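Protein chains: 2
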Amino acid sequence: MRSYAIIGTGALGGYYGAKLQQAGLDVHFLLNTDYEYVNLNGLIVESPTGDFTLPCVKAYNDTAKMPACDVVIVALKTTHNYLLPKILPNVVKDDGVVLVLQNGLGVEEEVADIVGADRVIGGLCFLCSNKVAPGHIRHLDYGEIKLGEYVPDYQVVGISERMRQIKSDFDSTGIPILLAEDLLLARWQKLVWNIPYNGLSVVLDALTDELMADPHARVLVEQLMQEVVAGAAACGRIISDSFIQKMLDYTVKTKPYRTSMKIDYEERRSLEVETMFGNPLRAAQKVGVNLPKTAMLYQQLKFLDARNSQKK
Amino acid sequence: MRSYAIIGTGALGGYYGAKLQQAGLDVHFLLNTDYEYVNLNGLIVESPTGDFTLPCVKAYNDTAKMPACDVVIVALKTTHNYLLPKILPNVVKDDGVVLVLQNGLGVEEEVADIVGADRVIGGLCFLCSNKVAPGHIRHLDYGEIKLGEYVPDYQVVGISERMRQIKSDFDSTGIPILLAEDLLLARWQKLVWNIPYNGLSVVLDALTDELMADPHARVLVEQLMQEVVAGAAACGRIISDSFIQKMLDYTVKTKPYRTSMKIDYEERRSLEVETMFGNPLRAAQKVGVNLPKTAMLYQQLKFLDARNSQKK
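So the protein lines, in turn, are chains A and B.
Letter by letter, the first sequence follows residues 4 to 315 of this note's numbering.
Letter by letter, the second sequence follows residues 4 to 315 of this note's numbering.
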């Protein structure tokens with residue numbers, strides 16, 4: 004039985020970790036502010052697929068006390084990645100792997116610098132959940148994870164045996180796992196949605212349905228998506244026009260959605276501006292491609308993020 | 004003695020009209036909601052250059068009752084320009100002139116369509132004043148007006164006799180008047196300030212000093228200024244880099260400023276998005292020049308303006 008470490012037991016890490024433990028896997032949860040509460044009381048998950056409680060979990064607030072695990076799931080906000088050099092070396096087995104479930108671009112490179120490029124897998128989550136109280140996760144919708152092997156320069160290496168092993172663990176939880184042959188393509192595809200909706204939801208204080216109902220905002224969303232596709236092309240990844248159309252149609256069809264960045268902004272948490280906007284912009288610029296509207300969104304978010312943190 | 008009509012007796016029209024009457028000119032004020040109050044009580048002007056009261060003014064709420072005047076000052080917000088075809092024909096003498104004291108681009112063309120191109124002069128105001136109550140104007144700072152003759156296609160025609168006559172009237176009020184040889188250049192120059200600061204002050208809910216203190220917002224301001232300069236160049240008008248630097252330095256030096264568009268937004272008035280952003284964008288696009296960040300600001304403002312008007 005593979006062991007799992009959950010680095011960051013919040014809305015995302017708490018949900019996936021609890022599902023893995025419920026399915027019978029050996030899961031170790033790293034916590035910070037909620038450590039004492041969860042150590043005493045365990046985790047509660049509310050979900051449309053069934054509520055459940057784990058009265059007893061292996062909780063830690065110190066990586067020195069954690070065992071080295073087969074799979075280490077990084078579920079921190081990228082704004083906390085400065086903590087990873089202290090955390091990761093202790094918790095991953097020599098033949099283990101770090102699964103980076105974070106947004107944006109370049110996050111695997113950061114982790115590879117710490118644990119070595121041969122021990123990194125990237126993952127993209129399509130999950131809608133919130134932490135509503137210490138150790139209390141409310142799962143609202145979705146949950147799928149797309150996995151992809153990381154190698155330096157994001158070369159395409161296809162599907163590995165260890166990806167299949169992780170998939171089989173998640174299969175037992177009921178969480179759908181997709182295996183991607185090309186991690187970088189998967190990351191740019193997710194940015195096609197994340198950049199316009201996360202950015203504009205904060206700057207314009209809007210839910211997705213408001214953005215789609217206004218003709219000017221909707222055109223802007225589409226233009227930003229086209230810029231992201233141009234950025235992907237600059238990095239050698241082709242995303243079709245029909246993918247943009249699919250994202251627009253999908254957003255219109257789903258219920259009004261408050262993006263994760265808007266939730267962070269309203270709760271005065273730091274925004275993931277650098278990984279979600281800064282890194283894609285720099286990757287495109289490196290090969291001479293400018294994305295002016297994405298850059299403007301980046302500038303606006305940096306301004307708002309700085310002001311938000313001053314108000315704390 | 005030349006007669007003046009003031010179309011729109013608000014913070015701007017009320018101030019200039021009161022100063023002209025105080026200097027002894029024959030001034031006729033068109034009012035809407037404040038008509039009864041001003042007709043009974045006159046106008047009050049508070050100003051660092053001296054407070055004064057005009058207990059008796061020639062107030063009108065019906066253009067049919069107004070005399071045709073030598074100089075008709077259009078001091079409405081451009082969002083009310085749909086009223087001009089009914090107003091202007093009655094109030095301007097055959098050999099009179101309409102002085103358009105409005106923001107943005109293309110406003111003279113609208114007026115020329117109504118009264119003929121030979122009866123239009125454009126003007127740009129550098130004025131900081133508010134209407135604080137009916138007939139009560141608080142002048143805070145500045146006041147200078149830059150005048151320029153309008154001819155079709157904004158050809159450069161230099162300084163006319165009637166510009167000098169208007170200047171001499173204003174000279175008697177103490178309000179500084181500059182005479183511009185090239186109205187279109189003057190309009191684009193003013194947009195170098197207006198587009199970044201008016202737009203970003205609304206979208207980012209910020210005063211000028213906050214924008215200048217944040218490194219990302221400040222770079223964005225400068226990039227928007229450079230786009231406006233590119234737009235001017237597309238229309239054959241050259242604005243130097245040193246002009247941009249002058250605007251930046253000037254803004255840093257002046258006290259924190261709430262732009263007119265931000266005031267309009269907070270008071271839930273319609274924003275002058277089309278004349279200040281839409282018309283410059285279309286003028287540049289007509290000759291194949293795109294201004295992507297200005298266009299994004301336009302799209303964001305259109306979204307915010309539409310939502311603001313729904314909340315009324």
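Heads up, the beta-carbon is just placed ideally off N, CA and C, and yes, glycines get one too.
Bear in mind that the values here come from a model prediction, so they are computed numbers and not experimental data.
Among the CB atoms of chain B, one or more fall inside 8 angstroms of the CB of A/Phe306.
Judged by DSSP secondary structure, B/His219 falls within the alpha helix (DSSP H) whose first and last residues are 218-237. For B/Val101, the closest of B/Pro137, B/Gly151, B/Asp37, B/Ala62 by C-alpha to C-alpha distance is B/Gly151.
In the DSSP assignment, B/Glu49 falls within the unbroken beta strand (DSSP E) covering 46-49. Using a Cβ-Cβ cut-off of 9 angstroms, B/Gln313 is close to nothing in chain A; its nearest Cβ partner there is about 10 angstroms away. At the C-beta level, B/Leu33 and B/Ile10 come within 8 angstroms of one another. At a cut-off of 8 angstroms between beta-carbon atoms, B/Met299 makes contact with chain A.
For A/Gln25, the closest of A/Tyr153, A/Thr176, A/Lys289 by C-alpha to C-alpha distance is A/Thr176. B/Lys265 is outside the set of residues whose beta carbon lies under 8 angstroms from a beta carbon in chain A. Contact check for A/Pro137 and A/Tyr40: beta-carbon distance about 4 angstroms, within the 8 angstroms limit, so the pair qualifies. Taking all protein chains in view, the Cβ of A/Gln168 is surrounded by fewer than 16 other Cβ atoms within 10 Å, so the residue is classified as exposed. With fewer than 16 other CB atoms across the displayed protein chains lying within 10 angstroms of its CB, B/Gln313 is exposed.
When DSSP states are grouped into helix, strand and coil, A/Ile90 belongs to the helix group. Taking CB atoms only, A/Val206 has a neighbour in chain B less than 8 angstroms away.
In the DSSP assignment, A/Arg285 falls within the unbroken alpha helix (DSSP H) covering 282-289.
Note on the segment 117-141 of chain A: whole beta strand (DSSP E) runs with a minimum of 3 residues are 123-136, in chain order.
Non-local C-beta neighbours of B/Gly281 in its own chain, meaning closer than 8 angstroms and more than five positions away in sequence, comprise Tyr301, ordered along the chain. Between B/Leu207 and A/Ala309, the alpha-carbon positions lie close to 12 angstroms from each other. Only those residues of the segment 213-226 of chain B whose C-beta falls short of 7 angstroms from the nearest C-beta of chain A are listed: Asp217, His219, Ala220, Val222, Leu223. B/Asn64 and B/Tyr38 have their C-alpha atoms spaced approximately 6 angstroms apart. Contact residues of the segment 273-304 of chain B toward chain A are Pro295, Lys296, Met299, Gln302, Gln303 (C-beta to C-beta distance below 7 angstroms). Counting only residues of its own chain and dropping the five nearest sequence neighbours on each side, A/Ser6 has a CB closer than 6 angstroms to the CB of Asp29, Cys72, Asp73.
A/Val60 is positioned such that its CB atom lies no closer than 8 angstroms to that of A/Val77.
Under the Cβ criterion of 8 angstroms, B/Ala309 is counted among the residues facing chain A. For the pair B/Leu187 and B/Tyr157, the CB atoms are nearer than the 8 angstroms cut-off. Collapsing the DSSP output to three states places B/Gly202 in a helix. CA-to-CA, the gap between B/Ile242 and B/Ala287 works out to about 15 angstroms. Between B/Leu294 and B/Ala236, the C-beta gap is not smaller than 8 angstroms, which leaves the two residues out of contact. Around the beta-carbon of B/Leu43, fewer than 16 other beta-carbon atoms lie within 10 Å, marking it exposed. Of A/Gly239, A/Val75, A/Glu275, the smallest CA-CA separation from A/Lys96 is found for A/Val75. Judged by beta-carbon spacing, B/Met215 lies within the 8 angstroms limit of B/Arg221, meaning their Cβ atoms are closer than that value.
If you draw a 10 Å sphere on the C-beta of A/Ser263, you find 16 or more other C-beta atoms in it, and that means buried.
Under the three-state reduction of DSSP output, B/Val159 falls in the coil class, being neither helix nor strand.
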